[in-house]
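First residue of the sequence shown? That's 1235 in the numbering used here, and the numbers climb one at a time after it. Built from N, CA and C at the ideal position, the CB exists for glycine as well.
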Amino acid sequence: MKKIIVAKNVGFCFGVKRAVEATEKLLDELKSLSTVGDIVHNPLVMEKLKLKGLKVYNSIEDIKEKHFLIRSHGLSKNQIKKLKNSNFKIYDMTCPFVKKIHYLVEDLSNMDYNILIIGDKNHPEVLGIKGYGKDIKIIENKLDILRYKYKKTSKVAVVSQTTLNFDYYFDIVKNIIKLVKTKEILVLNTICKVTEEREKESIEIAKKVDAVLVLGGKESSNTKKLFEICKKECKYCFFVENFSNLSKINFNSFNNVGIVSGTSTPDFFIKEVIEYLKKFGYKEVA
Ligand code: SF4
């Protein structure tokens, strides 16, 4: 029998679900709502929200609507201040796990810690976190560690982007401890459990199937990571953002297919993919 093994943790994570549901509800009430950047890195979801009236801008300066939603990635303190000064009605849907990092960074910065964020320099979540302390540095890789100067007498605190892979974070932290000679280095694990769990489950599934479908938007950083992880464990790994990606796969060659998804992939798409596979004789197994 041809089998489909679907990961237990698929679909929106708690933070994305909360932001998308709030956006839909607000659009029903207000008919128009603005945001900076996509609410979720998934074109299928964004298309639906835009059809309902969501306007997506690149910068706060361009916004024309009076109602503004902060997406789950959060915004820097300065950007929120700017919005408030311009009399926007703000709906803050920053994920509570991201908000927690904002508070941590703010407190640590007030306690004179030099803060290092490990993560993607261009990711909106990282840029938002950076805006909660003084002179925060972003470390993307080991080389970045030595790009900055650290006083021997200073205190350093390290936090991570929520979607980082734990082993990657731990490896950079070990290098920071080795290379940065300061009086104190405080390391905080701010990785979201949701992404950690999905990565672990994806490895298990990828090991036991002939092919893995990683469902999610090409711009979603956690989906991209899942794809990289699965590729190491399974020869046939496909990034599926939409149905046209599926039509290029020859399902006659695979007996068992695994399905995993990023945290911004909607349930309806996962269900549609499962139904599509059933046409090739696959049965979903627990
Ligand atoms: S991945 Fe975690 S931190 Fe990011 S939005 Fe989802 S629940 Fe929040």
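Host beta strand (DSSP E) of Glu1453 (start-end): For the purposes of this step, residue 1453 is identified with residue 219 of the sequence shown, where counting begins at 1. Element bounds for Glu1453: n/a, residue is neither H nor E.
Three-state secondary structure (DSSP) of Gly1492: If you number the sequence shown from 1, residue 1492 lands on position 258. Three-state result, Gly1492: strand.
Delimiting residues of the beta strand (DSSP E) encompassing Leu1420: If you number the sequence shown from 1, residue 1420 lands on position 186. That run of the beta strand (DSSP E) goes 1418-1421.
Whole-angstrom C-beta distance between Val1428 and Val1448, which should lie under 8 Å: Looking up residue 1448 in the sequence shown gives position 214. Looking up residue 1428 in the sequence shown gives position 194. Not a contact, Cβ separation roughly 16 Å.
Secondary structure of Asp1341, DSSP reduced to three states: Indexing the sequence shown from 1 puts residue 1341 at position 107. Asp1341: helix per DSSP, three-state reduction.
Alpha carbon of Val1446 to alpha carbon of Lys1242, nearest angstrom: As a working note, residue 1446 is residue 212 in the sequence shown. As a working note, residue 1242 is residue 8 in the sequence shown. C-alpha separation (whole angstroms): 14 Å.
Straight-line gap, Val1393 to Leu1361 (C-alpha atoms, nearest Å): By one-based count along the sequence shown, residue 1393 stands at place 159. By one-based count along the sequence shown, residue 1361 stands at place 127. Taking the straight line joining both Cα atoms gives about 13 Å.
Neighbour-count burial assignment, Tyr1337, 16 or more Cβ in a 10 Å radius: As a working note, residue 1337 is residue 103 in the sequence shown. The residue in question, Tyr1337, is exposed, as its Cβ has fewer than 16 Cβ neighbours within 10 Å.
Boundaries (first-last residue) of the beta strand (DSSP E) holding Ser1394: Position 160 of the sequence shown, counted from the first residue, corresponds to residue 1394. Per DSSP, Ser1394 belongs to the beta strand (DSSP E) from 1389-1394.
Cβ-Cβ separation, Ile1439 to Val1244 (assumed contact under 8 Å), whole Å: Position 10 of the sequence shown holds residue 1244. Position 205 of the sequence shown holds residue 1439. Actually they do not touch by this definition, with Cβ atoms about 11 Å apart.
DSSP-derived helix/strand/coil call for Ala1520: Walking along the sequence shown from the start, residue 1520 turns up at place 286. Residue state, collapsed to three classes: coil.
Range of the contiguous alpha helix (DSSP H) that encloses Glu1303: Position 69 of the sequence shown, counted from the start, is the residue given in the question as residue 1303. Position check: residue 1303 holds Leu in this sequence, whereas Glu was assumed. Not the alpha helix (DSSP H): Leu1303 falls in the beta strand (DSSP E), residues 1301-1304.
Beta-carbon proximity check, Val1250 vs Ser1498, cutoff 8 Å: Working through the sequence shown from its first residue, we reach residue 1250 at position 16. Working through the sequence shown from its first residue, we reach residue 1498 at position 264. Cβ distance < 8 Å, so Val1250 and Ser1498 count as in contact.
Bounding residues of the alpha helix (DSSP H) (the contiguous stretch that carries Tyr1403): Residue numbering aside, residue 1403 sits at position 169 when the sequence shown is read from its first letter. Residues 1400-1413.
Nearest-angstrom Cα separation, counted from Lys1434 out to Lys1236: Counting from one through the sequence shown, the residue named residue 1236 turns up at place 2. Counting from one through the sequence shown, the residue named residue 1434 turns up at place 200. Approximately 24 Å, taken between the alpha carbons.
Nonlocal neighbours in the same chain, by C-beta distance under 6 Å from Ser1310, ignoring five residues either side: Counted from its first residue, the sequence shown places residue 1310 at position 76. Cβ neighbours of Ser1310 beyond the five flanking positions: Gly1362, Gly1365.
Whole beta strand (DSSP E) elements within the segment 1287-1338, 3-residue minimum: 1288-1291, 1301-1304, 1323-1326
Stretch pair the segment 1379-1391 + the segment 1414-1425: three plus CB contacts closer than 8 Å: yes
Identified DSSP bridge partners for Ala1445: Mapped onto the sequence shown, residue 1445 falls at position 211. Answer by DSSP bridge pairing, in chain order: Tyr1470, Val1491.
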